[in-house]
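Engineer: The structure is given below, and queries will be raised subsequently.
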Ligand SMILES: Cc1cc2nc3c(=O)[nH]c(=O)nc-3n(C[C@H](O)[C@H](O)[C@H](O)COP(=O)(O)OP(=O)(O)OC[C@H]3O[C@@H](n4cnc5c(N)ncnc54)[C@H](O)[C@@H]3O)c2cc1C
Ligand code: FES
Ligand code: FES
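Residue numbers (the numbering used here), protein chains in the order written: chain U, 18 to 169; chain X, 988 to 1279.
See the structure below:
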C-alpha cells in the first residue's frame, strides 16, 4: 500500500506492504542505515527514531501506521544545535565505544533535552531506560548527556 | 529473526469506520502495536486482517464529566503520565503508567492495548480495578458498559465478542479524602515487566476507612481485586498497625502461577504480595490523609 510521510523534513511517498516494519522500511527501502536493528522486540532501543517528535522503537511500528506523520532520525538532526552539543559531549566523554547503540541513545537524549534542557541525573537515567549499551556501562553516556545539557 | 507475516492493514479515520472494518471475520485491532507486532513476529497471533486505530482520534482523550474520569482506549501511557487530571485525582494510575516499559514503549503503547492484551501483569489494569473502573465496549450494533473485572477472561483473553472494540475506561472521580498508590516489583528497576504489582485505593471518613479497593497483578490468571482484604478494612478504623496485619493475609489470598518456568516462584510472589500490599496501603493512607 502507499504510505506518505515526512522523513527528516522531506515529504516522501513509498510503496510498503502491511507487514513492513518502519525499521525495515527505513534501512532496506530508504537506505537510512543509522537506524540499527537489534532485538526487534522493543527492548534494546537501537532502532529508536522520533515519530512526531517522540522517541519510539521503529521495530514495533508498521509502515502503514506512519501515514501523514513525521519520522526523524539522527540524519535529520545533523546541524541541530542540541544534537551538535550532544555529539560533541559523547565524543569528549568516551560515551561511544562500538557505536551500535549510539544513534538510538542520541535520539532518546535529544528528545529529553528538547523537553527538559536541564535534567537531573535520575531524569537522564529514566530517559535512556529503553536503550541498551553493551560497551560503556552507561556512566559515560549519562555524564555526556549532562555535559551537553550544561552547554545548552 | 522472525518475519512479520503478510497482513492487510486498514486505516480507518473514525470510530464508525473502524467498527465497520471490525465486522470482517478475523479482524484484529492494532493500537500501539507493542504487544501485537511481537505476537505477529513470534507466530502467536493468527490474525491477518488488522484495523489500525492510529488515526481514530476520537478514542484519544482524557476528560472529566458526569462525575467520572473518562479515558479513551487510544490514550498513550505518556499522555496518562503527562495529565494533570490523572496525576492529581488518580495518582495510582499515573504512577503505574510511568512504569510501563521505557519512554519509547510509553509513547507507542496505549491503555486500551494494555487492557485488551489482558496480560495478568498488565500495569494499568490493577490501578483501574482499584479505581472501580468500567469498560465501555462498542460495536456496529451498539454500546455496552461492564465492570473492568468482567472484562478479563483469562491470561491474554478478554470477554470482547468478535466485532467489538474497547472504546473507553472510566471511573468515578475520586473525592477529597481519598488516596491511591501503586507498587511494582520487576527483575530490575527500569523497563521491566511486573513479577507482581499491587494497586490500593482508600477513602477516609475521619479515621475510618469508608471505601477501599485493592488489586493484584501477575498473581492470578487475570488482574484481580482481593475482596477479602477489602472486607477486613472497610468501615473500620484504619492505621499503619491495621494495615500491617491485613497485608500479611495476602500470603494465602493470592494465587500465583505454579509453573516452574514462570518469572518468579510461587513462594516469592506470595511473600512479596504482603510487602507490596503494606507499602501500597500505607502510601494510599498517607495520601488520603493529605487530600483534604
Ligand atoms: C519492551 C517492552 C516493555 C514493556 N513493558 C511493559 C510494562 O512494564 N508493563 C506493561 O503492562 N506492559 C508492558 N509492555 C507491553 C505493552 O507495551 C503494553 O501492554 C501496551 O500498553 C500495549 O498497548 P498497545 O497500544 O501497544 O497495544 P497493541 O499491541 O496494539 O494491542 C494489544 C492487544 O490489544 C488489542 N487491542 C488494542 N486496542 C484495542 C481496542 N481498543 N479494542 C479491542 N482490542 C484492542 C489488540 O488487537 C492486541 O490483541 C511492554 C512491551 C514491550 C515491547
Ligand atoms: S530493534 Fe527495536 S528495540 Fe531493539
Ligand atoms: S557503544 Fe557499543 S553498544 Fe553502546
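Where a beta carbon is used, it is the ideal one built from N, C-alpha and C, also for glycine.
Is it buried or exposed for residue 1245 of chain X, if we count other Cβ within 10 angstroms and need 16 for buried?
Structural biologist: exposed
Engineer: Below 7 Å, is the gap between the Cβ of residue 998 of chain X and the nearest heavy atom of ligand 3?
Structural biologist: no
Engineer: In chain order, what residues of the same chain have a beta carbon less than 7 Å from the beta carbon of residue 110 of chain U, not counting five sequence neighbours either side?
Structural biologist: 157, 160, 161 and 164
Engineer: When the Cβ atoms of the region 1181–1194 of chain X are set against those of the region 1144–1156 of chain X, are three or more pairs found closer than 8 Å?
Structural biologist: no
Engineer: Closer than 8 Å by C-beta to residue 1146 of chain X: which residues in its own chain qualify, once you throw out the five before and the five after it? Chain order, please.
Structural biologist: 1133, 1137, 1138, 1139 and 1140.
Engineer: In the region 1159–1192 of chain X, which residues sit with their C-beta less than 8 Å from some C-beta in chain U, listed in chain order?
Structural biologist: 1177 and 1178
Engineer: Any residues in the region 991–1006 of chain X with a beta carbon nearer than 8 Å to a beta carbon of chain U? Which ones, in chain order?
Structural biologist: 991, 992, 993, 994, 995, 996 and 998
Engineer: Say whether the region 1051–1059 of chain X touches the region 104–124 of chain U, bearing in mind that this needs 3 or more beta-carbon pairs closer than 8 Å, one atom from each stretch.
Structural biologist: Taking a cut-off of 8 Å for Cβ pairs, the region 1051–1059 of chain X and the region 104–124 of chain U do not touch, as fewer than three such pairs fall below it.
Engineer: Can the beta-carbon of residue 103 of chain U be found less than 8 Å from the beta-carbon of residue 126 of chain U?
Structural biologist: yes
Engineer: Tell me the DSSP bridge mates of residue 1184 of chain X?
Structural biologist: X/1171 and X/1204
Engineer: Beta-carbon within less than 6 Å of residue 91 of chain U's beta-carbon, same chain only, minus the 5 sequence neighbours each way: which residues are those?
Structural biologist: Take residue 91 of chain U, set aside five residues on each side of it, and the residues of its chain with a beta-carbon closer than 6 Å to its own are 51, 120 and 123, in chain order.
Engineer: Could you please give the first and the last residue of the uninterrupted beta strand (DSSP E) stretch that includes residue 1063 of chain X?
Structural biologist: Counting along the chain, residue 1063 of chain X falls outside any beta strand (DSSP E), and DSSP gives it neither H nor E.
Engineer: Taking only the alpha-carbon atoms, compute the straight-line gap between residue 1032 of chain X and residue 1023 of chain X and give it to the nearest angstrom.
Structural biologist: Between the alpha carbons of residue 1032 of chain X and residue 1023 of chain X lies a distance of about 8 Å.
Engineer: When the Cα atoms are used, what is the spatial distance from residue 1044 of chain X to residue 1002 of chain X?
Structural biologist: 8 Å
Engineer: Opposite residue 1012 of chain X in the DSSP bridges: which residues?
Structural biologist: Answer is none; residue 1012 of chain X lacks a bridge partner.
Engineer: Tell me whether the beta-carbon of residue 1050 of chain X lies closer than 8 Å to the beta-carbon of residue 1117 of chain X.
Structural biologist: Contact flag unset, no.
Engineer: The alpha helix (DSSP H) that contains residue 105 of chain U, what's its start and end?
Structural biologist: 98–109 is the extent of the alpha helix (DSSP H) around residue 105 of chain U.
Engineer: Measure from the C-beta of residue 125 of chain U to each C-beta in chain X and report whether the shortest distance is under 8 Å.
Structural biologist: yes
Engineer: Under 7 Å between beta-carbons, which chain X residues line up against residue 84 of chain U? List them in chain order, please.
Structural biologist: 998
Engineer: Entirely within the region 1011–1091 of chain X and at least 3 residues each: give me those beta strand (DSSP E) ranges in chain order.
Structural biologist: DSSP assignment within the region 1011–1091 of chain X yields the following whole beta strand (DSSP E) runs of 3 residues or more, N-terminal first: 1014–1017, 1036–1039, 1049–1052 and 1055–1059.
Engineer: Alpha carbon to alpha carbon, what distance is there between residue 1121 of chain X and residue 171 of chain U?
Structural biologist: Outside the shown range of chain U, which is 18 to 169, sits residue 171 of chain U, and nothing can be said about it.
Engineer: Does DSSP put residue 1141 of chain X in a helix, a strand or coil?
Structural biologist: strand
Engineer: Does ligand 1 have even one heavy atom less than 7 Å from the beta-carbon of residue 135 of chain U?
Structural biologist: no
Engineer: Name, please, each residue of chain U whose Cβ falls closer than 9 Å to the Cβ of residue 1250 of chain X.
Structural biologist: Going along chain U, no residue has its Cβ under 9 Å from residue 1250 of chain X, so there is no contact; the nearest lies around 15 Å.
Engineer: If you measure from the CB of residue 1123 of chain X, is any heavy atom of ligand 3 nearer than 7 Å?
Structural biologist: no
Engineer: I'd like to check one pair, residue 73 of chain U with residue 1095 of chain X: are the Cβ atoms closer than 8 Å?
Structural biologist: Taking 8 Å as the Cβ cut-off, residue 1095 of chain X and residue 73 of chain U qualify as a contacting pair.
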